[in-house]
């Protein structure tokens, strides 16, 4: 059980936490000022110290370097005592386990830091075996150049040992390089240690500078985590050393580890500035859900592919208003974009579709073309359209469409003459849609809330919650060739408000208050393009066939939030930002997850769910 460490914010595997000492310390941090080492048992017997809340006490230990055989580790394993003070246990990445400490220091760090794959495997292995709310520390490995990646991987504590040692050896460290002190004609830093003439700058000063640079980089990292922008920084920072680039890419391949720890939505902008952006969890998650959960319900309209816009959401842009004037609800609009892939109009506000910014040069890389083409192919294989109209320019977009056209055996109609917004091109788009039926505003709003429910909860969830499955567009109740109900039927809900601030109501006037269309079920949150359920909506969710994300709690009625100690169990699929149902012997509630499901089930500190509404049973 962790008593003296608590996680406050999460940015993927990186965390902003607090070591809860007499003077609390915000992590990621240098541990040297508050670490009290009780000593190694290799040198002799050690008494378990009394400890106190002014320091994080490292319990008596035996360190095993990288490569130590398992039988040796088992033979000399240490029985760690229960400590009633802030404590840290020394373990190695292969035999790490829950010992009841507040922090764990990996003794074999110097054997894997510097090697991309080994670093990834060691950190992931240790994090899977240690409590989710315990701090992870690496000693003797941190420099200003690598500490941001250490934090990105999930490391909370480091020390100044390596940085200071390199300084005494005459190595001047910065966030992007190591310099021989003798090669520097002037000092590129303005820290207190460097505030003297170059000729007076000694190796002792160099050691002080290195530690100052490490502290400054940790401050930068903490601020990046607070703003949800550490990944943007890492995409550039990791290029300064070969093993950092390798480790960064290795973690991108560790999908399960990163996806579980990455919030479903947040305020931070996703900056698409490098090829690695295509591997971001937010990008891959959106593409996967669009091609495995989303289902087109505009069954009577053709698909109209259009380019994205710099303005988000797309419908607010001048170009998309021009597209709309030409389409006039006669086609289902889907935007093509890098790095997102394809964005159906119903999901244009859903994170990260309205939260990204990309570098616009007019040129598409091979990776971008390949990624968007694959997403579009998967989308078209899942969704049936009578026609596909591609209103896209030549550069990049046309090549993607032509590649997909052959792969899915569909004929695309191209309506862009030169630029998509010229009068001639818009006229061609309008002409191509002549005779097509238009869908109503009501249909668009219903399909939007159902599509968001699909995206958030799972394939078919929108129809399970809000109706529509089993009634074909002609009202026959027809079923598709795969046995699934046809999409496009009438919803059994009503929507009010103005898009994108829609409110969803049950279609039963007798159930609501006077003057209302029924009981309110959910509200669309335009900031993230998600749904927030009411208690009536949550009950409907639980009673439906839609996948339910549940948090089981002890016998209390939550007010404001559910803390981790009160959680009995939670679904593994829950991610930070997910809508969740909270149930216990005395309460039924609905809210938004502040931890992932696995973290809720394993943590002993911190807020697990921000509760919106709660009822006492």
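In the numbering used here, the protein residues as written are 430 to 1046. Note that CB positions come from ideal geometry on N, CA and C, so glycine has one too.
Buried/exposed call for residue 794, threshold 16 Cβ in 10 Å = exposed
For residue 705, collect the residues of the same chain with a Cβ closer than 6 Å to its Cβ; drop the 5 residues on either side in sequence, then sort them by chain order.
-> 664
Where does residue 659 sit, in a helix, a strand or coil, going by DSSP?
-> helix
Residue 504 burial status per 10 Å Cβ neighbour count (16 or more: buried) = The residue in question, residue 504, is exposed, as its Cβ has fewer than 16 Cβ neighbours within 10 Å.
Which one or two residues does DSSP pair with residue 952 in a beta bridge?
-> 932 and 961
If we ignore side chains and look at the alpha-carbon of each, how far apart do residue 519 and residue 494 end up?
-> 11 Å
May I ask you to report which of helix, strand or coil DSSP gives residue 883?
-> helix
What is the C-beta distance between residue 974 and residue 893, in whole angstroms, given that I count them as a contact (C-beta under 8 Å)?
-> Their Cβ separation, rounded to whole angstroms, is 5 Å, which keeps residue 974 and residue 893 in contact under 8 Å.
Within its chain, find whatever has a CB closer than 7 Å to the CB of residue 742; leave out the 5 residues flanking it on each side and keep chain order.
-> 777, 778 and 783
Which stretch, first to last residue, makes up the alpha helix (DSSP H) that contains residue 549?
-> 545-558
Closest to residue 515 by CA distance: which of 986, 564 and 675 is it?
-> 564
Cβ atoms of residue 950 and residue 922: under 8 Å apart, would you say?
-> yes
Mind pulling the alpha helix (DSSP H) runs of 4 or more residues that sit fully within the region 649-737?
-> 659-666, 671-682, 684-690 and 710-721
Are the region 847-860 and the region 735-754 touching, with three or more C-beta to C-beta distances below 8 Å?
-> Three or more Cβ pairs closer than 8 Å define a contact, and the region 847-860 meets that threshold against the region 735-754.
Assigned exposure category for residue 801 - 16 Cβ within 10 Å defines buried = Residue burial is scored here from C-beta neighbours: residue 801 has at least 16 other C-beta atoms within 10 angstroms and is therefore classed as buried.
Skipping 5 residues on each side, what residues in its chain have a beta carbon closer than 6 Å to that of residue 699?
-> 711, 781, 784 and 785
Ends of the beta strand (DSSP E) at residue 1011?
-> 1008-1012
To the nearest angstrom, how far is it from the Cα of residue 886 to the Cα of residue 868?
-> 26 Å
Is residue 993 near residue 1018, with beta carbons less than 8 Å apart?
-> no
Return the chain-ordered list of same chain residues with a C-beta closer than 6 Å to the C-beta of residue 393, the five sequence neighbours on each side being excluded.
-> Past the boundaries of the shown model lies residue 393; the chain is included only from 430 to 1046, so the question cannot be answered.
In terms of residues, what are the limits of the alpha helix (DSSP H) holding residue 753?
-> First-last of the alpha helix (DSSP H) with residue 753: 747-756.
Could you tell me which residues DSSP pairs with residue 998 in its beta bridges?
-> 981
In three-state DSSP terms, what is residue 541?
-> helix
Contact between the region 486-493 and the region 600-613: three or more CB pairs below 8 Å?
-> no
Flag this pair as touching only if the region 674-688 and the region 629-637 have three or more C-beta atom pairs under 8 Å; answer yes or no.
-> no
For residue 448, the three-state DSSP class (helix, strand or coil) = Residue 448 falls in the strand class under three-state DSSP.
Identify every run of the beta strand (DSSP E) within the region 792-872, keeping only runs that are complete inside it and at least 3 residues long; order them along the chain.
-> 817-819 and 841-843
Distance, Cα to Cα, residue 457 vs residue 651?
-> 7 Å
Between 863, 628, 523 and 479, which lies nearest to residue 498 when the distance is taken from Cα to Cα?
-> Taking residue 498 as reference, the option from 863, 628, 523 and 479 with the minimal CA-CA separation is 523.
Just tell me which of 1020, 979, 820 and 575 has its CA closest to the CA of residue 987.
-> 1020
List the endpoints of the continuous alpha helix (DSSP H) containing residue 594.
-> 590-597
Exposed unless 16 or more other CB atoms sit within 10 angstroms - verdict on residue 570 = buried
Classification of residue 913 by the beta-carbon crowding that lies within 10 angstroms, buried from 16 upward = Summary for residue 913: the model assigns pLDDT 41, below 50, so the residue's position carries little reliability, and this model does not support an answer.
Whole-angstrom distance between residue 796 and residue 981, CA atom to CA atom | Their Cα atoms are separated by approximately 43 Å.
In whole angstroms, what separates the C-alpha of residue 604 from that of residue 834?
-> Cα to Cα, the separation comes out at about 47 Å.
Put residue 1029 into one of helix, strand or coil per three-state DSSP.
-> helix
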